[in-house]
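Below is one structure; the comments refer to it alone.
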Amino acid sequence: MLEAPVAEPEQRTTSQRIAALNRHDKPFHVVLAQQFDRDQIEHLCRLSEMIRAICGDRQGAQFLTTLLSHRRAMLYFIQPSTRTFLSFTAACQILGMPYNEVRNPQTSSEVKGETEEDTIQVLSNYFDLIIMRHPVEGFAERMALKLNQMRRALPIINGGSGKDQHPTQALLDIYTLYRCFTTRQNGERGVPRMREDIFAGKTIAFVGDLKRGRTVRSLVYLLCRYPGVRMQFIAPPELQIESDIIEYVDRYDVEYEFVDDLRHAIGDCDAVYMTRLQDEWDKAGESSRIDYGRYSLTEDMAPLFKPGLAIMHPLPRRHELDSRLDNLPQAKYWDQVRNGMWMRSALIADIFNVDTAIMDHYHSYYAY
Amino acid sequence: MLEAPVAEPEQRTTSQRIAALNRHDKPFHVVLAQQFDRDQIEHLCRLSEMIRAICGDRQGAQFLTTLLSHRRAMLYFIQPSTRTFLSFTAACQILGMPYNEVRNPQTSSEVKGETEEDTIQVLSNYFDLIIMRHPVEGFAERMALKLNQMRRALPIINGGSGKDQHPTQALLDIYTLYRCFTTRQNGERGVPRMREDIFAGKTIAFVGDLKRGRTVRSLVYLLCRYPGVRMQFIAPPELQIESDIIEYVDRYDVEYEFVDDLRHAIGDCDAVYMTRLQDEWDKAGESSRIDYGRYSLTEDMAPLFKPGLAIMHPLPRRHELDSRLDNLPQAKYWDQVRNGMWMRSALIADIFNVDTAIMDHYHSYYAY
Amino acid sequence: MLEAPVAEPEQRTTSQRIAALNRHDKPFHVVLAQQFDRDQIEHLCRLSEMIRAICGDRQGAQFLTTLLSHRRAMLYFIQPSTRTFLSFTAACQILGMPYNEVRNPQTSSEVKGETEEDTIQVLSNYFDLIIMRHPVEGFAERMALKLNQMRRALPIINGGSGKDQHPTQALLDIYTLYRCFTTRQNGERGVPRMREDIFAGKTIAFVGDLKRGRTVRSLVYLLCRYPGVRMQFIAPPELQIESDIIEYVDRYDVEYEFVDDLRHAIGDCDAVYMTRLQDEWDKAGESSRIDYGRYSLTEDMAPLFKPGLAIMHPLPRRHELDSRLDNLPQAKYWDQVRNGMWMRSALIADIFNVDTAIMDHYHSYYAY
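Chains as they are written, first to last, in my numbering: chain A, -6 to 361; chain B, -6 to 361; chain C, -6 to 361.
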């Protein structure tokens, strides 16, 4: 009666993990940024564009709300988060999908001695999709495999787990870059393709606390799919990007360099991805000795910016991103927020196979 | 100007209490399990089956969401509960009924010196249905009678009150048993009838902390409506079922026995209703001296199970129900969870008289 | 790159503030009660009446839920409030507008060092309307002006800020008075006009803690638009209405008097607006020395009431309003609660310009 033991996620190779998450006879789980290849990324970016366009008028928006009104989502958000939470709920609302939330299972039966796996298995009976944010690394992945064994399997979207993965943030970031670097080709109608060489020769700088920022890790995974991209890692030595990411980048033959001062590098950047100091992970205030001013983007650097520079930040920000830059055309961080809502809508639509209905609608009414 | 004094619930007989809750000129309140007779139980079970079937495809599910989109529910949940809460919200969503929640009125005007009765009367103005979970025994009943006196009366569903009553749990439990013990008769189309003799000769065992489990009490009330049912109460002496329930069982001439070891009895059971030790009601850890292992269902008992045994548990569970039994065909406790969602949908549909619309739809499209 | 400095709200005149909130090229923000002139008040009161009528049957209610299903609201409620919160969510539900809530941004990125302005700017990307309740006076107004500078401006409704303003409460209060004092004229069809002289010769008494009750302040602003209204301020000297309100009343030539005992005045009142002692603002229990009994409405005063008296209270109440009066025809405080839901629906409908669709629907189906 016992199931064959399943290797723990950490003992498996990434491709074994991806294969287990994407079984053809099971729901599609979104757990790792590495799951997405170039075709899937393009599909999701273009689908996001279409949803954005369709939502632009009332008839279109109301069409979208009919797509998933027969499904229900659970947002299982154990780690505090307002913006990722609201981004997902907005995505559910755009598609007309009712949802509910579990924020603090301590108000629940766990106080009566139930395991968290049991709680999720029970609650899964009420829903068709679980969107999960959890402090424990690998927990979303473990639950995805666990749910695959139930009679009524259902998909999981990882909305951020531990210090490790934040795949939907990576998707919204690359969608933002797609919007910055793509122009419609001559004669092209509808939403432009995301060409394989979109980032060829482009310099994308990651700045700040690269060691502890899961958004940077996840975005690097996705960018490696595009030939010719160049990366700069601009960080204090103590907070430089970790070696597993560098190995990944090396495997994909991506050109990169380490830089330790933003001011010298900014003039060459096509995109600059700012991050805040994640000092909540400090054990003894060690990052308080770092001069983070060298990893801050300030108003006086504006004359150095390329006209087409994309300034990005996963937010929240502190002083590393000067609020006096907010109204520049190069500032794309508010756009990222809104792009996240469209991308998460696209992802959910894709999981439930209503992407073709969206594309058909778009091509009938909006592609001219 | 003063109302005639109303006898307190506890001074009234059960039939007086039921009559007050089911007045023809007032909304139908669901407060006590004893309110439901066999016809109503059958109606609700069959309605649940129909809703389940209709929800099986997108067109059907979308039809259901039109039924109560013009009504609004308040979930007034003062006692912590995630699963009952989400079961009710899913039911509301299935019927398209918007809802809102009040979890902790302390964040509210009560801190400004308002009584809880006033709070509920005020909030009732925004809603058409109150679903209430409250730690105080009899509170839902008192509020139902209070609301009946207002100009704009509205129905209450008791989602669990004190140690006493949990009528919707009892309804989902009996619905689960109906699904286990009913087969379609020769030539019968659509949803099968719930025959009066459905439990005749069946042995249903209640196991564990029977003294303090309100789900057992409520289910016993309902089972007594069915001639020929046999009950076993398998519990440590300190936690045996209370005398008022035995008096009730006696009144209905139900055959029962007390057993104090599960292993000897399990082979004869057609259904076994497991419960956890409710030690949160302990005053001085007295239940810690009990050997609860004798009231636990373990994997090594599986060879003793009848093939048609229904293993039930209101969940959450601890060790009294071995997780290695989870994938057995006899395990019905995950089904109970999902059945609760259908039953609560049926109950709400019934209260608002959209049950006939559901039956019509079912007979037009699904009964073949 | 810096914006021209904007004068702080408190340095501006009220008309300058109103002009800044009601710019033709920007969304309409509802921040101050003083923003509303007589025409707008009448429009909103009549629109509320129409929404109430349309909601009276299922087809009408379902029509309303299609009006704003393509928009989304954020309820940013930093100050605890259950009833105002639920009143707004019910209004959103009536219009079919999905919403989400931010109750405690401390669970959010603010712990990571973000300013509240940044938080709101970020979250505004997911929504089309912000409904805000905030403990800081003037905060809603500041955010409205801030949002006007963003590429994607969106409207704010002030759901109560500091001790100062509660404009939607004032609107529901005047709507309640309109319902009490208006009768359909001979031959008039549909919803009656709100005549300019509706309050001419009517005595409206404000009773209790007038110094610290923002609902009284806001309602006085609106009543001053109506010629011939008479006001009584019935309060202990320590809690009398503040001088800025008296100056406002003087400017509009409204007749008023100070009274210090309710019992002597009640027989002359056409409306009496009761308020509770707001002792949560006490610094050292100073209001505990006040004999609040003289500012309480009790059952023994009932013989003194005019038949058409409107007893109002913003609720929650304590002892200042005897619950034995609840079932009198003069008791309008439960009506106020429900009126708030209709008025807030009307306001939101008006902001999004679906008021004409409502009026058209009303005139087609309900005006006879």
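Virtual Cβ for every residue (Gly too), placed ideally from N, Cα, C.
Note on geometry: alpha-carbon atoms of ASP30/A and LEU140/C lie some 38 Å from one another. The alpha-carbon of ARG210/B is positioned some 7 Å away from that of GLN158/B. Counting along the chain, the unbroken alpha helix (DSSP H) around ASN332/C starts and ends at 326 to 344. In the three-state scheme derived from DSSP, where H, G and I count as helix and E and B as strand, GLU94/A is classed as strand. Shortest Cα-Cα distance from TYR219/A to any of ILE239/A, ILE238/A and MET187/A involves MET187/A. Within the region 57 to 84 of chain A, the residues whose Cβ lies closer than 8 Å to any Cβ of chain C are, in chain order, THR58, PRO73, SER74, THR75, ARG76, LEU79, SER80, THR82 and ALA83.
Using a Cβ distance threshold of 8 Å, LYS195/A and ALA264/A count as a contacting pair. Annotation: the continuous beta strand (DSSP E) that includes GLY152/B extends over 149 to 154.
Under DSSP, ARG186/C forms no beta bridge with any residue. The criterion of a C-beta distance shorter than 8 Å is not satisfied by ILE124/B and ALA137/B.
Secondary structure note for LEU122/B: its beta strand (DSSP E) is the uninterrupted segment 122 to 127. By the C-beta criterion, the region 52 to 68 of chain A is judged to be in contact with the region 85 to 97 of chain A, since at least 3 inter-stretch pairs fall below 8 Å. Remark: C-beta atoms of GLN27/C and THR7/C approach each other more closely than 8 Å. Residue contact check for TYR119/A against chain B: a CB pair falls below 8 Å. Taking ILE11/A as the centre and dropping the five residues before and after it, the same chain places the C-beta of GLN28 closer than 6 Å to its C-beta, in chain order. Taking a 10 Å sphere around the C-beta of TRP274/B, we find fewer than 16 other C-beta atoms and assign the residue as exposed. The region 32 to 44 of chain C and the region 333 to 350 of chain C touch, with three or more beta-carbon pairs separated by less than 8 Å. Cβ atoms of HIS306/C and SER289/C stay farther apart than 8 Å, at about 11 Å. In the DSSP secondary-structure assignment, GLN158/A is bridged to SER154/A. For ALA193/B, the nearest beta carbon of chain A is not closer than 8 Å to its own beta carbon.
Residue pairing by DSSP places MET67/A opposite ASN93/A and ILE123/A in a beta bridge. Nearest C-alpha to VAL252/A among ARG223/A, TYR241/A, LEU270/A and ASP246/A: ARG223/A. Of the residues VAL95/A, GLN52/A, ALA133/A and PHE56/A, the one whose Cα lies closest to the Cα of PRO73/A is VAL95/A.
Within 7 Å of the CB of GLN86/B, the CB atoms of chain A belong to ARG65 and PRO91, in sequence order along the chain. Per the Cβ contact rule, the region 198 to 207 of chain A is in contact with the region 228 to 236 of chain A (3 or more Cβ pairs under 8 Å). For PHE199/B, the three-state secondary structure derived from DSSP is strand. When only Cα atoms are considered, CYS217/C and VAL23/C end up about 19 Å apart. Where ILE304/C is concerned, the enclosing beta strand (DSSP E) starts and stops at 303 to 305. Taking a Cβ-Cβ cut-off of 8 Å, LEU255/C has no neighbours in chain A, whose nearest Cβ is about 44 Å from it. Secondary structure note for PHE251/B: its beta strand (DSSP E) is the uninterrupted segment 248 to 252. Residues ARG39, GLU42 and MET43 of the same chain have their beta carbon placed closer than 7 Å to that of VAL184/C, with the five preceding and five following residues left out of the count.
Positions of the beta strand (DSSP E) runs, each at least 3 residues long and wholly inside the region 249 to 314 of chain C, are given as 264 to 267 and 303 to 305 in order along the chain. Taking CB atoms only, GLN55/A has a neighbour in chain C less than 8 Å away.
For ARG223/A, the beta-bridge partners assigned by DSSP are THR196/A and GLU248/A. Taken in chain order, the members of the region 333 to 356 of chain A whose beta-carbon sits within less than 7 Å of a beta-carbon on chain C are MET334. Segment contact: the region 327 to 335 of chain C against the region 167 to 179 of chain C, three or more CB-CB distances shorter than 8 Å; contact assigned.
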